[in-house]
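Single-structure report; data block below.
Residue numbers (the numbering used here): 222 to 642.
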């Protein structure tokens, strides 16, 4: 029997996503749990698996199109035994299909046009990442998009790439009049939609700035001994799958300091009538990922060892950089660390990740001259830390005292290890 596969609710209030890459084509035989398509949500790239065995009969969206949650994503001929195999899933999906059917009855002409357009795009260089406008241009010139090198993100073919291909005299026979003759082009502005991670980040940062009175506190920290401790841990425990960086030490020290200043780990409610002191230390770390800036967080840091944290840092960093990360790992954070120094820069004014009340930016580590206790000039490893706080909840004195405790653990790592016993 023919069955529509409904795009499931991915969570976090996501209502639409971009189809990045189909892993199958029409006519392919698929099996349960096989990955059918990669889609890009507001937060990450998500792999969508099949719930059934069967044969793909229709793909409703072209790569680059926007698919709606609770709408048909593709159709397949399903083996009868599979349909009856999971009554709970089938019943839930049937309810969704009824709602979709009602919507389609009301707007059947529009829906049919969308499906027809998607099918037409799929029949022409469907595996190439590009926009419908570029596909149209390629069809008009009878070009195979797969033969054009894309200069956009993830190899996406841009309008400029097609024009460049044509100007080099590699168009179809229908363009013979232009072959060998350079096409005169002028520089044009390129317009692209704001969506995905960039859109959600813009919305959240705008909301944070407009509703939270930020203040910034900057200090410098001597991390000479901390780097020696990190090297010792690296020499002893690091493996190909476990990276020992400074980040686990920063994260664990932050959790230890929060025990003395629980207000730093609090959340105000939307109308600012209640303040929740969160028991779990879910510490986020900003990662410059494949799909943009992501902030996965390590849950319950207060209960984890340094090696446990190091493992989570390695796992979440890899997932965020690939863009394929569980949305749950991007939610529920209580405080955030942004390591701008990994790219460059000594200080920043970070924006709070709402509803958190504080965020810290780590600057790059520099070897700078400092005076020791005897007054001798010695080289030391110095890092600047920049805090932003929600002035409705914490004041300058609180963040300064909290920062002193945090830096105390990091300047003398032995005290941190003692506090963990």
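Backbone N, C-alpha and C define an ideal beta-carbon position, used for all residues, glycine too.
Comparing alpha-carbon positions, which option in the options lies nearest residue i?
i	options	result
residue 487	605, 608 and 578	578
residue 581	603, 589, 620 and 587	620
residue 350	361, 367, 363 and 358	367
residue 363	544, 386, 373 and 372	386
residue 592	603, 583 and 584	603
residue 280	266, 269 and 297	297
residue 608	553, 559 and 246	559
residue 546	411, 531, 257 and 267	267
residue 501	484, 495, 457 and 510	484
residue 638	588, 555, 269 and 527	527
For residue i, name the three-state secondary structure that DSSP assigns.
i	result
residue 356	helix
residue 428	helix
residue 368	helix
residue 621	helix
residue 332	The pLDDT assigned to residue 332 is 30, lower than 50, so where the model puts this residue is not dependable, and the model offers no usable value.
residue 593	coil
residue 627	helix
residue 610	strand
residue 450	helix
residue 615	coil
residue 570	coil
residue 638	helix
residue 379	coil
Where DSSP assigns a beta bridge to residue i, which residues make up the other side?
i	result
residue 587	603
residue 166	Nothing can be reported for residue 166, as the shown portion of the chain is limited to 222 through 642.
residue 362	None, per the DSSP bridge assignment.
residue 298	223 and 276
residue 237	289
residue 580	557 and 609
residue 443	603
residue 281	Looking at the DSSP assignment, residue 281 forms no beta bridge with any residue, so it has no partner.
Stretch pair the segment 516-525 + the segment 437-453: three plus CB contacts closer than 8 Å: no
Inter-stretch contact at 8 Å, needing at least 3 Cβ pairs: the segment 502-514 / the segment 590-599: no
Runs of alpha helix (DSSP H) wholly within the segment 453-523 (minimum 4 residues, chain order): 468-481
Touching by the beta-carbon criterion (3+ pairs, under 8 Å), the segment 607-618 and the segment 466-474: no
4-residue-minimum alpha helix (DSSP H) runs that sit fully inside the segment 520-559, ordered along the chain: 527-543
Cβ contact check for the segment 274-284 and the segment 248-260: 3 or more pairs under 8 Å: yes
The segment 226-245 in contact with the segment 277-285 per 3-pair CB rule at 8 Å: yes
Three or more C-beta pairs below 8 Å linking the segment 560-576 and the segment 435-442: yes
Cβ contact (3+ pairs, closer than 8 Å) linking the segment 623-641 and the segment 473-485: yes
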